[in-house]
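K.L.:
In our numbering, the protein residues as written are 2 to 250. The beta-carbon is built from N, C-alpha and C at its ideal position, and this holds for glycine as well. What follows is a single structure, and I will ask about it in a moment.
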Amino acid sequence: MLIRKFLFLVTILLLPGSLTFSQVFLQSDPVGTSRDGVLVVYGSNNLNSNQRIPYNRINGSPFWKDEYQQATLIDRNNQVLGKAKVKLNLYTNEVYFLSPSGEERVAAAGKVRKVIFHDDDSVKKIKAVFENNLPIITETNPRAENPSFVQVFNTAGDWQLLKLTRVLFNSGDSLFGTQKRYYFANQVLYFLNDKYGQITKLRKLNKDNIGELINIDAAAEAWCRQNSINFKKEEDIARFIDYYNSRKK
Numbered sequence: 002m003l004i005r006k007f008l009f010l011v012t013i014l015l016l017p018g019s020l021t022f023s024q025v026f027l028q029s030d031p032v033g034t035s036r037d038g039v040l041v042v043y044g045s046n047n048l049n050s051n052q053r054i055p056y057n058r059i060n061g062s063p064f065w066k067d068e069y070q071q072a073t074l075i076d077r078n079n080q081v082l083g084k085a086k087v088k089l090n091l092y093t094n095e096v097y098f099l100s101p102s103g104e105e106r107v108a109a110a111g112k113v114r115k116v117i118f119h120d121d122d123s124v125k126k127i128k129a130v131f132e133n134n135l136p137i138i139t140e141t142n143p144r145a146e147n148p149s150f151v152q153v154f155n156t157a158g159d160w161q162l163l164k165l166t167r168v169l170f171n172s173g174d175s176l177f178g179t180q181k182r183y184y185f186a187n188q189v190l191y192f193l194n195d196k197y198g199q200i201t202k203l204r205k206l207n208k209d210n211i212g213e214l215i216n217i218d219a220a221a222e223a224w225c226r227q228n229s230i231n232f233k234k235e236e237d238i239a240r241f242i243d244y245y246n247s248r249k250k
């Protein structure tokens, strides 16, 4: 049986007129619930029962980014758990982090609601935000212990672009059928979330689908031309939504 540890993480609490440092406990387990670098697969596809497969035998990656990056972790009460070097496993929806001693750990299931990736030297320079409290999005990994993490591109205003990356584990026979080959594959889904919390799945990224939900009026059209917005690119759609959210109503 695994013995869970309580690790100290440095927390920054923003209080009115002051910046206070404190410490909190984060319940965690060893990465992947083992120390031997394997993925436990539960009857996935044509695999029989539970199998332990070394990550180095699986092509592709289950992580949002393979490198650890600075992030702030938020719990389900919207309280700051702490800051650490973090990476997200989008197959298991686990939050990996490095302890102060450099040990790889994974946060206990259900402890982390939001992950905010940012620059090492500034929490204001946000790289990406992920949340897992969007229950209306049902396209989750049924074998994951945690709800799926969804990338939130717009953090202020009436509209948000959401991206759900489902990492699927697949297996097949090698060319000569002598052994199994294993690989991760991504399925990417996009959604728009409005100010009422109504989430609509986008059939594909293009101007017509965005325009069905957001009114692209003459002023917005002019802004899009001026800023060379390509509605087939997620980063351009996020820029457009930031602009649209900032307009005076």
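For L99, tell me which candidate among R248, V168 and E68 has the shortest Cα-Cα distance.
P.N.:
E68
K.L.:
Tell me, which residues are paired with T93 by DSSP?
P.N.:
Answer is none; T93 lacks a bridge partner.
K.L.:
Would you mind listing the beta strand (DSSP E) stretches within the stretch 157-195 that are 3+ residues and don't spill past its ends, in chain order?
P.N.:
161-174 and 181-194
K.L.:
Three-state secondary structure (DSSP) at V116?
P.N.:
strand
K.L.:
I'd like the list of long-range same chain contacts for H119, defined as Cβ closer than 8 Å, with 5 residues on each side in sequence excluded.
P.N.:
Q71, A72, T73, K125, K126, I127 and K128
K.L.:
If you run the structure through DSSP and keep just helix, strand and coil, what is E132?
P.N.:
strand
K.L.:
In chain order, what residues of the same chain lie with their CB nearer than 8 Å to the CB of I217, ignoring the 5 residues before and after it?
P.N.:
If we look at I217 and ignore the five residues flanking it on each side, its Cβ neighbours are K208, I211 and C225.
K.L.:
Measure the beta-carbon distance from F185 to P55 and round it to whole angstroms, keeping in mind my assumption that it falls under 8 Å.
P.N.:
Between P55 and F185 the Cβ distance is about 14 Å, and since that is not below 8 Å, they are no contact.
K.L.:
Are Y183 and I75 close, meaning C-beta to C-beta below 9 Å?
P.N.:
no
K.L.:
Spell out the partners DSSP gives Q71 in its beta bridges.
P.N.:
K86
K.L.:
Going by C-alpha distance, which of A220, N94, R53 and R114 is nearest G83?
P.N.:
R114
K.L.:
Expressed to the nearest angstrom, what Euclidean distance is found between the alpha-carbon atoms of K66 and I238?
P.N.:
22 Å
K.L.:
Pick out whichever of L135, Y245, N78 and D122 has its Cα sitting closest to the Cα of K86.
P.N.:
D122
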